[in-house]
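Asks: Take a look at the following structure, please.
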């Protein structure tokens, strides 16, 4: 079929979950990202887990695991209590227990996700821009049905004025959409593209 090259790819770090938790005898709805939820769900059967167990159970990289645990045990909302005296870092031998002394007047609590490095942000921006470029190309081609390369690039640049994509990147995204069978080249004119519904 025409959709054999389309692939759905989950970006788990952008997911969100609401975990119903009873802390200090009070119910709270914790709004967390997917990875934070994964860690909190380990506490449905057992009261204390060490870092190694949490890391191996979730399959997350150790560095990411530590950052996530910091959001749950060191940051503003201490859902978990961390062992040890250093309250600023997550030690390799740290253990984590639900915080029985947790106090918060709000029922709904949004736990901020960990702050990622600048490189991750740049990659995310590049990825988001690629998606925006492809979406613009598909929108334009759906409307116009056929366009030559220069007209398509010009229309894409007009539509995406908020970040002015590089024409080379637009060409790359066009090639990608041809590979994925959203568009095809005209057999007689290589610079003409046709939209495939």
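In this note's numbering, the protein residues as written are 1 to 197. Backbone N, C-alpha and C fix where the C-beta goes; we use that ideal spot for every residue, glycine too.
Which one or two residues does DSSP pair with residue 96 in a beta bridge?
Replies: For residue 96, which the question treats as bridged, DSSP gives the partners 49 and 82.
Asks: Among 195, 40 and 43, which has the Cα closest to the Cα of residue 143?
Replies: When only C-alpha atoms are compared, the closest one is 195.
Asks: What residue range does the beta strand (DSSP E) around residue 193 cover?
Replies: Residues 192 to 195.
Asks: To the nearest angstrom, how far is it from the Cα of residue 109 to the Cα of residue 36?
Replies: Rounded to the nearest angstrom, the two C-alpha atoms are 13 Å apart.
Asks: Ignoring anything shorter than 3 residues or poking outside the segment 136 to 196, list the beta strand (DSSP E) runs there in chain order.
Replies: 146 to 148, 183 to 185 and 192 to 195, all fully within the segment 136 to 196.
Asks: Determine the DSSP secondary structure at residue 12, reduced to helix, strand or coil.
Replies: In the structure shown, residue 12 sits in a helix (DSSP, three-state: H, G or I).
Asks: Rounding to the nearest angstrom, what Cα-Cα distance links residue 47 and residue 139 in this structure?
Replies: Each residue's Cα considered, the two are about 52 Å apart.
Asks: So for residue 125, helix, strand or coil by DSSP?
Replies: Residue 125: helix per DSSP, three-state reduction.
Asks: Pull the bridge partners of residue 32 from the DSSP assignment, please.
Replies: DSSP output for residue 32 lists 17 as bridge partner(s).
Asks: Helix, strand or coil for residue 111, going by three-state DSSP, please let me know.
Replies: Note: residue 111 maps to coil in three-state DSSP.
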